[in-house]
Amino acid sequence: MSLLLLIEQILNGLQFGVMLFLTAAGLTLVFGVMGLINLAHGSLFMIGAFAAAATAAATGSFLLALAASLAAAAAAGALVEVLVIRRLYSRDHLDQVLATFALILVFSEGTRWVFGSFPLYLNIPPALSGPVTLPGGIEYPVYRLTIIAVGLMIALGLFLLISRTRLGVQIRAGESDREMIAALGIDINRLYTVVFALGAALAGLAGALVGAIQSVQVGMGEPVLILAFVVIVIGGIGSIKGALIGSILVGLTDTLGGVLLPETFKLFMDPASATAVGSALASMLIYILMAVVLVVKPMGLYGARA
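According to my numbering, the sequence shown holds residues 1 to 306 in order.
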């Protein structure tokens, strides 16, 4: 493999990792603050993608599409929290899993009823289409670089929100002792709704950004949800920094493994068998990474100590 191709794959891994971060950050906030297992988080990713695709088709504006993805996912998240999730905080995790799994079915069938069963497509805006030449003569899509930049800026914004604002203080306090902050006069229900809507908005934005790279279709959020859970296990529950580091590790491992392993096995076997074996092992790498991290640090890389 040439050096230019390797650098290109590293950038692809960063882009994939940033997309996972936008999804996993909301999931880790919800789990860390509320202690809630939300399997419907991937459906909010899907809602953002469909809202963006429909808005772009109606208006022709990519910026309006992104705004619609944020608004639709945040509204759906707040509505779900008020009507369903609020009744699950004191229940067993199994009840939370069953209820949020039911929400996956509701959102999937509802989306199919509104938009149909055929995929939608979201076009990359002209200003972000085409490649840009990076140092070393590497040509890389402008849109993918934009996703990386947007994700890193959001990561910085979330860090500042959690560490420097009153809302961030309440979120961190909610992670430690929700009864105490309720006793201090903070409306814990409103805080939970805001956190859930924020996490949903981030997932919806991720869906909209990815929708311009792949087709927008029912069920597109479930594979991302599985990877997001892997990310928060690796990074540590409740940690934004852990979500970012874990996302980048998963993105690079998945992308580079899918390229390097087949090439490596070609040194020992015929190309067809090497591609099959290498691709099969590459799909397992992120779970092997998760297992190794849990053996070394059972609470994740930046999780709170037991």
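Where is the CB? At the ideal position from N, CA and C, for every residue including glycine.
Predicted, not measured: the structure shown is a model, and the values here were computed from it.
Item: For S215 versus Y121, is the C-beta distance shorter than 8 Å?; Value: yes
Item: Y302 by DSSP, collapsed to three states: which one?; Value: coil
Item: Residues in the same chain with beta-carbon distance under 8 Å from A306, minus the five sequence neighbours each way, listed in chain order, please.; Value: Confidence at A306 is low in this model, with a pLDDT of 44, below 50, so its placement is unreliable and the value that follows should be read with caution. Cβ within range, chain order: P298, M299.
Item: Taking the beta strand (DSSP E) that L317 falls in, what are its first and last residues?; Value: The chain is shown only over 1 to 306; residue 317 falls outside these bounds and no answer can be derived.
Item: Using only the alpha-carbon positions, how far apart do L156 and V259 sit?; Value: 30 Å
Item: For V194, collect the residues of the same chain with a Cβ closer than 6 Å to its Cβ; drop the 5 residues on either side in sequence, then sort them by chain order.; Value: none
Item: Across the stretch 241-255 and the stretch 10-27, are there enough close Cβ pairs to call them in contact, namely three or more that are closer than 8 Å?; Value: yes
Item: Among F50, I10, L11, L128, which one has its Cα closest to the Cα of A208?; Value: F50
Item: For the beta strand (DSSP E) holding I138, just list the boundary residues, first then last.; Value: 138-141
Item: Output needed for Y302: all residues of its chain with C-beta closer than 8 Å, excluding positions within five of it in sequence on either side, in chain order.; Value: G235, G236, S239, K241, G242, I245
Item: Exposed or buried, what is I85 when buried is set at 16 or more other beta-carbons lying within 10 Å of its beta-carbon?; Value: buried
Item: Thinking just about the alpha-carbon of each residue, which of M34, R112, L158, L152 is nearest to the one in L88?; Value: M34
Item: In three-state DSSP terms, what is V195?; Value: helix
Item: Between the alpha carbons of I248 and I148, how many angstroms are there, rounded?; Value: 11 Å
Item: Would you say A212 and G48 are within 8 Å of each other, going by their C-beta atoms?; Value: no
Item: Let's test the definition: count the other Cβ atoms within 10 Å of the Cβ of D92 and tell me whether it reaches 16, buried, or not, exposed.; Value: exposed
Item: Is DSSP giving L98 helix, strand or coil here?; Value: helix
Item: Taking the DSSP output, what are the residues bridged to L120?; Value: V216
Item: If you compare alpha carbons, which of G199, A58, E139, I188 is closest to V30?; Value: G199
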